[in-house]
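The sequence shown runs contiguously to residue 1137 in my numbering. Notes to accompany the following structure.
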Amino acid sequence: MPDTVHAQAINETEILYEISLSIGRTLELEAMLKQSLGTLMRLCNCNAAVVLRYQVDCEECKRLISLEAPIAWDKVYVAPRNIANKPEYVQFRESLALPMRICEISAWTQGLPRAAPGAVAGQTFYAFNLPDFGVLVLHRTGEAMRETFVQSLQKLMDKLAYSAKACLYEAELKHQMEAAQAANVAKSRFLANMSHEIRTPMNGILGMLDIVLETPLEKSQQDYLRLAKLSAQHLLGIINQVLDISKIEANKVDLHEEVLDLVDFIGKVMQTQSALALAKDIQLHYRLGAKLPRYVTADRVRLQQILVNLLGNALKFTERGSVTLEANALDSDAGDQCLLSFHIKDTGIGIPQDKLVRIFDAFEQVDTQRNRKYEGTGLGLAITKQLVELMQGQISVGSELGKGSQFTVKLPLPLADPAAIIDTAPPHCPQIRKVLFVDDEPINREVFAAMMQIIDLPHEICSSGPEAIFRLKWAREAQEPFDLVFMDSHMPGMDGYTAAEQIIKNGLLEGHQILILTASALKEESERCKELDLLGYLTKPIALNDLRAVFAQNARLNAPPQDVSALAQTTRPLAILLAEDNQINQMVALKLLEKIHAQCSVANNGAEAVRMAQEKDFDLILMDIMMPVMDGIEAIRCIREDAQTHGRPFVPIIAMTANTMKGDKEYYLSEGVQGYVAKPVEPSALYLEIERVVAEHPVSHRVKKSARLSGLDDLLALGDADTEDTWRHLPDVAPNMETAQSSDAIPTEAPLLLDWDRAVKQLGGEAAILSTALTMFTEGLPQTFEDMRQAFADQDIARLALLAHTLKSQCATFCAAPAQAAALNLEQLCKAKETPAQIEAALKQLLRELEALDTAIQSTAQQRQPIESAQRTRLA
C-alpha cells in the first residue's frame, strides 16, 4: 500500500509540473486559458472548466477604490460551452455564495479550495481561488482527487491568476496604445487641416498686401500695410512650426536627399537672414573652413531649416554685436562621407547654465518673463534638435549669461560627385582678367577669396577705400589693370561711394566696372548707384551665384554683337533638319533658328529623321538623343549607313541632349556627330556650335528643296499654341513665389519654382518664346501626368525614363530647378532599374513639383509684373 501511495504522489507531481509549464505561454487571455486549462483538464480527467472573474460594478467606486464597492461576476472562459446551463453546475455555483462586495472577498477565499459532489453519482465539482482575479470551477467524473493534490493545484492557481492579470494588462496597454495612436492621427489630421485652412487665407492676405503695396500709397498707409504683412508672416511662421513639430512627433517627416553645392547653399541661407540683421543693426558673417567639401548629399529643405532656425534664434536674442556662422569638415578623409560642423555664434543675452538642459524641449523657453520681450513659441530649437537627430547628427549648446551663445551642429553627410549636380549657374565673363574686392571685415574677405578660387578668377583683396585707390593706380602703371571692383558701401574713414567717386574721377575705372556691396539694399542705394553710373549693388552676405550672375551680366554687356550676324548674313540660308520629339523644344529651337534665317524641317522622332534625310539634302542636322520610336544614336547610325550605301553627301550632325554627365560628349562624338549642344540650349552656344561645324564642313552649293518654316505659323500647326500677338504685347512677367508655394512649404527661402528672368536671358532675351513655351507646357501637363502614371502602371520603365528625360530638358529650359531635379532623379532611378517603390516615390515627387510649377506659371501669367527675388543679383 505505501508503494502505491508513493507512486501516486510521483504521478501527481509530474502532472503538476506539466500543468505549470503550460501556464502563461501567451499574453492573449482566451488563448492562455484555453491552453492552460486544456492541459489541466486532460491530465486531471476533468470534463468541464469555468473561470469567473469579478470586477467593481460602479464607475465612481473604481475611482474611489471603496471597500464597500459592489462587484459583479462574469464568465471569461467556459469549456464546454453547455456546462454553464446544466442544473448541477448552476446548483454548485449557487452553493459557492459568491461575494457581492470587495470587503467580503478576503473572508470568502478562506474556504477555498472547495470540493462538492454533483447531483449525479460519481461526479465532483471543485472551486479554486484565483487571487485578485476570480475563481476556477472544475468538474470531474470518476474517483475524486486526493486532498493533497487539490491543495497542490491551489498553489498553481497563483501562477494562473498572475498570467490572467498579465493578459488583461497587455490587452489594456494595447487598447491605450491604439487609442493614443488614434488620437495622434486625429491630432495630426486636425493640425494639417487647420494648417491648410489657416494657411490658405493667409496666403491670400499676404498676396493681396503685396499687390496693394505696389500701388501708389501715402507713407503712413505703406507703414500700416507693412506692419500688417509682418504680422501675417509671423502668424504663418507659428502655424508652420506647430505643424512641423506634429509631423516630427508622428514620424511623418521624410528626407529627400539631393546634391548640394555647400558654398552657394550657405551663402543663400545667410541671405535669408540679412533683412533681420539689418533691421537690428547687427553684423551677420559667415566663414567657410579650408577643409569644407564643395558638394555633399543632403535634404536641402531640412538642412536650411536647421540653419535658419539657429541663425534666426541668434539674431532674435542679440541686441548688439554680431552673429557668425562657421562651417567646416571635422573629418573629410573618411571615404565617401564627411562629418560637417556648423557653429552659430552670437553676442546676445546668453542662457543660464541651469536652463541649458531644457533648451531643446518643446514649448520650453529660457525665461518666460524675459521672453515676452522677444516673443516666440519655444518650438524652434525643439524642431531643430529633432531634425538634426533625424539626419543622424548631434546638436549641442554652450553659453555664458550676458556674453552670448554658441550652437554646434554635427552632421555626417555623404560626399557627392560634382558631375551629379545640375549646374544652372551662368559662366563668368571671359573678358574679366582680374577682380578687386574691398571690405573692412576680415570674414567677408575670406569668404570672397574662397568663392573666387572656386570660380577660378584672379583677384586681390583690400581692406579700405584709400588702399583700393592706391592698388588701382599701381595696377594701371604696371599695365595690369583690374576689370571689376566689388566695393563695400560702409567702411570707416572713406566709405564705398566716396571711394568709387574718387576712382572714377581719377580715371582709374569706369562706373560700370564698380559694384557696391551693401547690407541695406534700400532705394537710396539704387539712386546713388545711378548718380555715379555704377554697375549696381549686391546685398550682403553675398552668395556664389550672385558673383556668377554679375560675371554673366558683364559678359552680356560686353559680348560682341556677332553671335547671330555671322550666320544670318551667309550667302543663303542653311537648310537644317531638326529632330526633336517634344513640341515645346521644337518651338524654342525653331524660334532661335529663325533668327539666323535657317530653313527648317522638323522630325518628331529618329525614324522620321532618317526618312527625311533620305528624301532631302540638308546642310545640317540637329539631333535630339532621346526620342521615341528610334533614339538619336540609332538614327545617326542609320543616316551614316544610308549615306555610305547610296553615295549621299556627308551631312554634319549636332547632338542636342540634356545628358551632360562626364563622358557623354565624348560618347556622342564617337558615334558620328560633329557637334554637341547641352540642353537647355543657350542661343549663343547654339549659334557658335553651328558656325564652328558649318565652317569645318562647308555647305555645298546644290539647290535645296527644303522650304523655310514661317516661324510661329509652323509652330501653330505643330503645337496648336496661342498666336504670337497674344503674348507679344504682354509685359515680361515673373512668378509670385508667395502665391506659388505649396501649402506644406517651409517658410524659408527655397529654389525658385520658375526663374523667369534667367529663362528669358537663356533664350537670348526672347520673352515671347518663353511665354509661348510655358503655355504649351501647361496645356500638355494633364496628358503628361496620364502618360507617366500609365507607364508606371504598365511597368514600362524605359518609357517612364524617356518621359522624365524630356521633362528634365523642358524644366531646364524654363529654369525650373526643383522640377528639373525631380525629373533627373526619376530618370536616374529608372535607368538604374531601382525598386518599384523607389521609382513610385520619385514619380510622386516629380508630379508634385510639376503641379507646383504649373501653379507658378499660372501665377506668372496673372500677375503681369516682374518681382525681384532675394536670391538673385539685384542690379540698379
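From the three backbone atoms N, C-alpha and C, an ideal C-beta is built for every residue, glycine too.
One or two residues paired with residue i in a DSSP bridge
i, result
"D522", "Y556"
"F389", "L397"
"V381", "DSSP output for V381 lists no bridge partner at all."
"A939", "T918"
"S219", "In the structure as shown, the chain begins at 262 and stops at 1137. Residue 219 is therefore absent and cannot be evaluated."
"T779", "T800"
"F747", "F698 and L776"
"I466", "DSSP lists no partner for I466."
"A836", "Q860"
"L1064", "None, per the DSSP bridge assignment."
DSSP three-state assignment for residue i, whether helix, strand or coil
i, result
"M755", "coil"
"P802", "coil"
"H604", "strand"
"E771", "coil"
"I280", "helix"
"A543", "Going by the sequence as given, residue 543 is Ile instead of Ala. I543 falls in the coil class under three-state DSSP."
"G1041", "helix"
"R375", "strand"
"Q1056", "coil"
"R362", "strand"
"N843", "coil"
"E661", "strand"
"C723", "strand"
"S1070", "helix"
"I715", "helix"
"C1091", "helix"
"C599", "strand"
"E587", "strand"
"R789", "helix"
"R286", "coil"
"P913", "coil"
"E273", "helix"
"Q655", "strand"
"K671", "strand"
"R581", "coil"
Own chain residues within Cβ distance below 6 Å of residue i, not counting five before or after
i, result
"K664", "G611"
"R563", "L648"
"L1111", "A1080"
"L672", "L601, M652 and G654"
"L537", "L576"
"G285", "S424"
Neighbourhood of residue i by C-beta, 7 Å cutoff - its chain only, sequence neighbours within 5 removed
i, result
"P742", "A736"
"D318", "P331, I332 and A333"
"L553", "L523, A588, N589 and A590"
Chain-order list of residues whose beta-carbon lies under 8 Å from that of residue i (same chain, five-residue window excluded)
i, result
"G772", "A761, I765, L793, D794, L795 and L796"
"N570", "G641, L642, I644 and T645"
"C790", "I777, L796, G797, Y798 and A1137"
"E841", "Q847, A850, V863, A864, N865, L883, D885, M888 and M917"
"Y929", "I886, I894, A916, T918 and Y937"
"Q316", "I332, A333 and D335"
"L429", "L290"
CB of residue i within 7 Å of CB of residue j, strictly
i, j, result
"T918", "I886", "yes"
"I777", "Y798", "yes"
"M755", "P727", "yes"
"L549", "A711", "yes"
"F394", "Q415", "no"
"V670", "F578", "no"
"L947", "L881", "no"
"L1087", "A1065", "yes"
"Q384", "T370", "no"
"Y338", "L294", "yes"
"I280", "L301", "yes"
"L1042", "C1091", "no"
"I900", "V934", "no"
Any non-hydrogen atom of the ligand FAD closer than 6 Å to residue i Cβ
i, result
"L1107", "Among the components modelled here there is no ligand, and therefore nothing to report on the ligand FAD."
*Contained beta strand (DSSP E) runs [length at least 3] in the segment 859-909, N- to C-terminal order*: Entirely contained in the segment 859-909, the beta strand (DSSP E) runs reaching 3 residues are, in chain order, 860-864 and 881-885.
*Which parts of the segment 299-349 are runs of the alpha helix (DSSP H), unbroken and 4 residues or longer, counting only runs that do not cross its ends?*
Taken in chain order, the complete alpha helix (DSSP H) segments of 4 residues or longer contained in the segment 299-349 are 320-325.
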